[in-house]
Every structure is written in structure tokens, then in C-alpha cells.
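Here's the structure, in C-alpha cells; my notes come after.
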């Protein structure tokens, strides 16, 4: 009986220790920036291909050739979590115990100013129709495919947690240009090292063939399992998923219904909050059973 009780107490103590970790979160940022607000940011490499100039760019790298772009907030300015995929990547965050929180924003990235030559702050922005646009063309007419998401201005981030816990995401623009965002969470991160193009659509049920919101690897990536999405995330309406300890999750985000992919671009602030995963009822039943066994044992002792 003592052995069983000791194990039960040990489990409770261990669970409390895991959920009560006080370690702080760590935010990490790509230092790649663009001069055109409608251009794709987050390239992890730059390369000068066979064009008329001698300027190395992100698109010319196709994500797999040229010079690695340094990051801030990581050891040795390396890519986070040994990321080796070709798709663009904007930021990453490491969460600790339940109750931990983090903010991803240009303002937060400024704390790393000067840690990489020329770095002042990260380019943290997205388009008002990047996750799913308003379904109109440049002339304001309805498109054949209807509302569509676009790779160009969709931002991608990585999230990992030291412990298994619930992670809640809220989003807002820094200039209040639009308020509604879409998010898709994937378990895993891109491992495809082939050529990557930032051109293309996703989240397009009306396309032929259809590109559903539940698709795996929508950017031609490898290693992503779609575990959920929401087309209505704001500063007050959150999206919650369970992050398992030690796993890496990819978050794809952008505006919903405000405009087209290349207009309505705005900086954003991503708030992450965490909370413990509720203990399953079976565990509580197990605890009740232990208590019952102790009660029976006491009655036997008193009757002896």
C-alpha cells in the first residue's frame, strides 16, 4: 500500500513541478528584410543567380542555396531548431512551463538590436488577405476561384514547449488596419530541401483542384501535419491547441477577408499564452480508488 501511495504522490508532485516551471520564454527572429512591403520576407538564404545584376536576393536562393541569413535570439545566430527546410520562416518561440507567455512583434525583436551587424528590428508584417483574401481582383470584381490564400504575405513561425500544455494565440495589427486573422497549426516543420517558390495559392476550396483549409504541406513543403485552423483570430478571440513537450509546431498566419494579398499589409503582434492541460478524469478516479483502499485498510486495523 505504501508503495502504491508513494507512486501516486510522486506523480502528483512531478505534474505540479512540470506545470509550475518558472523559466521564461525565448523569442527568435529572422533578420531578413525587404524594401517592398508587398515582397515576401522571411527568406533563410540569399543568392545571386543568373540575372542582370550582382545582388543576392531571397527569391534567387530558392530557399536552398547561397548564404544563410543570421537570426537573433538563437545560439550563434543559427536557424532555430536546426531548421533545414527551403520555405521561408519569420520567427520562432520556445515556451517553458504552463503560465508562461510570449509576444512576437517588431517591437519585441528590437531588444536584439545590434546583436547582428545592421539589425534594428525584424520585419513582422502580413497582408490583409494573405491567409484568405476577399475574393476580388484588382478591379474589384469577383474572382473565379473565390476567396484564396497566398504564400507571398503569409508569415510562418515555429513554436515549441518544454512541457505539454495548452497554447492560446491572439493577433492584432500594430496600426489597427484590420483585425481578423487566420491561423493554421501544423505539427512539425518543413524538411524539404528542394527549390522553393514564394508564388502560389493555398486555402482555396474553389480552386481546381481544391486547396482545402485542412491540407497538409500547402506550400509544397515536407513534414507538416495539419492539426487545426481558425479563420477568426483577433486580439480578443484566440485559437488554442495542445503543444506536446519537445515537439515543434509550424504556425501559418495572415489576414482574412480584408483585401488582396499584396495590399493592406500591416505589422502585427502575436500574443501567446499558456495553461496546463486538464488532468484526465481517470487519474482523479485512480486517486479516489487509492483513497478508498486507504479507508478500508484503516477500518481493518481498527477492528483488529
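Residue numbers (mature numbering (1 follows the signal peptide of the UniProt record, and there is no 0)): -24 to -1, 1 to 280.
Where a beta carbon is used, it is the ideal one built from N, C-alpha and C, also for glycine.
Just so we're clear, the structure is a prediction, and the values are computed from it rather than from any experiment.
Tell me where the alpha helix (DSSP H) around residue i begins and ends.
i: residue 84; result: 82 to 85
i: residue 37; result: 34 to 37
Kindly give me the distance between the Cβ atoms of residue i and residue j, rounded to whole angstroms, as I take these residues to be in contact under 8 Å.
i: residue 101; j: residue 3; result: At roughly 16 Å, the Cβ-Cβ gap does not stay under 8 Å, so residue 101 and residue 3 are not in contact.
i: residue 81; j: residue 245; result: 4 Å
i: residue 32; j: residue 16; result: About 15 Å separates the two Cβ atoms, so there is no contact after all.
i: residue 142; j: residue 216; result: 6 Å
i: residue 204; j: residue 161; result: 5 Å
i: residue 122; j: residue 238; result: Their Cβ separation, rounded to whole angstroms, is 18 Å, which puts residue 122 and residue 238 out of contact at 8 Å.
i: residue 146; j: residue 214; result: 5 Å
Who are residue i's beta bridge partners in DSSP?
i: residue 23; result: 33
i: residue 17; result: None, per the DSSP bridge assignment.
i: residue 131; result: 229
i: residue 28; result: Bridge partners of residue 28: none, in fact.
i: residue 180; result: 187
Quick one, which of the options has its alpha-carbon nearest residue i's?
i: residue 27; options: 224, 21, 36 and 20; result: 36
i: residue 5; options: 14, 68 and 38; result: 68
i: residue 225; options: 14, 159, 183 and 98; result: 159
i: residue 109; options: 95, 240 and 201; result: 240
i: residue 218; options: 120, 130, 194 and 163; result: 163
i: residue 222; options: 48, 18, 71 and 61; result: 71
i: residue 144; options: 64, 212 and 65; result: 212
i: residue 77; options: 111, 55, 249 and 175; result: 249
i: residue 115; options: 215, 253, 251 and 236; result: 236
i: residue 199; options: 45, 59 and 12; result: 59
i: residue 92; options: 255, 64, 50 and 205; result: 50
i: residue 227; options: 150, 134 and 25; result: 134
i: residue 220; options: 90, 251 and 182; result: 251
i: residue 136; options: 38, 175 and 57; result: 57
i: residue 129; options: 117, 97, 30 and 175; result: 175
i: residue 11; options: 34, 29 and 127; result: 34
i: residue -1; options: 55, 75 and 29; result: 75
i: residue 120; options: 255, 98 and 184; result: 184
i: residue 46; options: 30, 98 and 38; result: 98
Give a yes or no on whether 8 Å exceeds the smallest Cβ distance from residue i to chain B.
i: residue 166; result: Judged by its chain identifiers, the structure shown contains no chain B, having just a single protein chain.
Where do the N-terminal and C-terminal ends of the beta strand (DSSP E) with residue i fall, by residue?
i: residue 205; result: 201 to 209
i: residue 4; result: 2 to 6
i: residue 146; result: 141 to 149
i: residue 67; result: 67 to 71
i: residue 138; result: That residue, residue 138, is in no beta strand (DSSP E); it is neither H nor E in DSSP.
i: residue 230; result: 224 to 231
i: residue 252; result: 242 to 252
i: residue 158; result: 157 to 163
i: residue 218; result: 215 to 219
Tell whether a beta-carbon distance below 8 Å holds between residue i and residue j.
i: residue 230; j: residue 106; result: yes
i: residue 73; j: residue 166; result: no
i: residue 125; j: residue 179; result: yes
i: residue 48; j: residue 95; result: yes
i: residue 40; j: residue 171; result: yes
i: residue 150; j: residue 86; result: no
i: residue 25; j: residue 64; result: no
i: residue 157; j: residue 253; result: no
i: residue 13; j: residue 44; result: no
i: residue 62; j: residue 140; result: no
i: residue 202; j: residue 131; result: no
i: residue 207; j: residue 79; result: no
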